Amino acid sequence: AVALPFALINVGEAVVATLVLRRLRRANSFLYSFEGIIAFALVAGLMAPAIAGLPGAAIASLVVGQPLGVEFRSWLVGHGLGTLTCTPVLVLLLRGDIARWWHDATPAQRIEAAILLTTMAGFSGFVFNVSTVPLLFLPILPLMVITFRLEQVGSALAVVILGVVGAT
């Protein structure tokens, strides 16, 4: 019964983010400048999930029986972080940047990318499985190396790896 309203709210969230980013002239360039990244984070990671979170949390609250504030916070955090984590990779994929990188890379660069991204997954897995020592700073090291070696494509993929491992 709530699938259709949730679908409309989710699509509406993406539409709000897109329209506002286009209005700010950042819809097609948010990955290419510091100002664009800040605009993307504020609009798609905070504002749009907050707007969509009001009706979404209200419906979820009615269905699940949790307080509205709890559902709103869950919506805001889940949708905001999900958008910030996955959208850059999807944009790079849809624009063909990942395919272009793969095509232009030498076999040695592809192997290096695989090793670096596997290292990122290993570091992330280790960090999130240790609860006795605060190690959450450790994935920054492979993330920095990946960013310098693999640039935008690698850093976007590494952030998704970190998010997936952390969420798991």
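Residue numbers (the numbering used here): 27 to 194.
By construction, the Cβ of each residue, glycine as well, lies at the ideal position given by its N, Cα and C atoms.
Since the structure is predicted, the reported quantities are computational estimates derived from the model, not experimental observations.
Exercise. Among Thr113, Pro81 and Gly62, which has the Cα closest to the Cα of Leu30?
Worked result: To locate residue 30, count along the sequence shown from 1; it is residue 4. For Leu30, the nearest C-alpha among the options comes from Pro81.
Exercise. Apart from the five residues just before and just after Val12, which ones in its own chain have a Cβ nearer than 6 Å to its Cβ?
Worked result: With the chain covering 27 to 194 only, the question about residue 12 has no answer from this structure.
Exercise. Is it true that the CB of Leu94 sits closer than 7 Å to the CB of Ala83?
Worked result: For the purposes of this step, residue 83 is identified with residue 57 of the sequence shown, where counting begins at 1. For the purposes of this step, residue 94 is identified with residue 68 of the sequence shown, where counting begins at 1. It is a contact, given that the beta carbons lie within the stated cut-off.
Problem set entry | Beta-carbon proximity check, Val191 vs Phe154, cutoff 7 Å | The residue labelled residue 191 in the question sits at position 165 within the sequence shown. The residue labelled residue 154 in the question sits at position 128 within the sequence shown. Between Val191 and Phe154, the C-beta spacing is below 7 Å.
Problem set entry | Stretch-stretch touch, CB-based, cutoff 8 Å, three pairs: the segment 98-109 with the segment 49-63 | no
Problem set entry | Nearest to Leu116 (by Cα), restricted to the options Leu88, Leu34 and Gln178 | As a first step, residue 116 is located in the sequence shown; it is residue number 90 there, counting from the start. Leu116 has its Cα closest to that of Gln178, out of Leu88, Leu34 and Gln178.
For this session: Could you please give the first and the last residue of the uninterrupted alpha helix (DSSP H) stretch that includes Val90?
Result: For the purposes of this step, residue 90 is identified with residue 64 of the sequence shown, where counting begins at 1. Counting along the chain, Val90 sits inside the alpha helix (DSSP H) bounded by residues Ala74 to Val90.
For this session: State yes or no: is the C-beta of Val159 within less than 7 Å of the C-beta of Val89?
Result: Taking the sequence shown and counting its residues from 1, one reaches residue 159 at position 133. Taking the sequence shown and counting its residues from 1, one reaches residue 89 at position 63. No, Cβ-Cβ distance for Val159 and Val89 is not below 7 Å.
Exercise. From Val96 to Gly38, what distance separates their C-alpha atoms?
Worked result: Within the sequence shown, residue 96 is the residue found at index 70, counting from 1. Within the sequence shown, residue 38 is the residue found at index 12, counting from 1. Going from the Cα of Val96 to the Cα of Gly38 covers about 21 Å.
Problem set entry | Completely contained beta strand (DSSP E) runs for the segment 82-138, where each covers 3 or more residues | none
Exercise. Taking all protein chains shown into account, do 16 or more other C-beta atoms lie within 10 angstroms of the C-beta of Ile64, making it buried, or fewer, making it exposed?
Worked result: Locating residue 64 in the sequence shown gives position 38, counting from the first residue. So Ile64 counts as exposed.
Exercise. Any idea if Thr111 is buried or exposed, counting beta-carbon neighbours within 10 angstroms, 16 or more meaning buried?
Worked result: Stepping through the sequence shown from its first residue, residue 111 is reached at position 85. Thr111 should be labelled buried.
Exercise. If you run the structure through DSSP and keep just helix, strand and coil, what is Phe174?
Worked result: Taking the sequence shown and counting its residues from 1, the one referred to as residue 174 is at position 148. Shown here, Phe174 sits in a helix according to DSSP, grouped into three states.
Problem set entry | Arg49 (DSSP reduced to helix, strand or coil) | For this step, residue 49 is matched to residue 23 along the sequence shown. Note: Arg49 maps to helix in three-state DSSP.
For this session: Count the other CB atoms, across all protein chains shown, that sit within 10 Å of the CB of Leu118; report buried if there are 16 or more and exposed otherwise.
Result: Here the question's residue 118 lines up with position 92 in the sequence shown. Classification for Leu118: buried.
For this session: Would you kindly check if the distance between the Cβ of Pro165 and the Cβ of Phe149 is under 7 Å?
Result: Here the question's residue 149 lines up with position 123 in the sequence shown. Here the question's residue 165 lines up with position 139 in the sequence shown. Taking 7 Å as the Cβ cut-off, Phe149 and Pro165 qualify as a contacting pair.
Exercise. Between Pro168 and Leu176, what straight-line distance do the alpha-carbon atoms span, to the nearest angstrom?
Worked result: Counting from one through the sequence shown, the residue named residue 168 turns up at place 142. Counting from one through the sequence shown, the residue named residue 176 turns up at place 150. Approximately 11 Å, taken between the alpha carbons.
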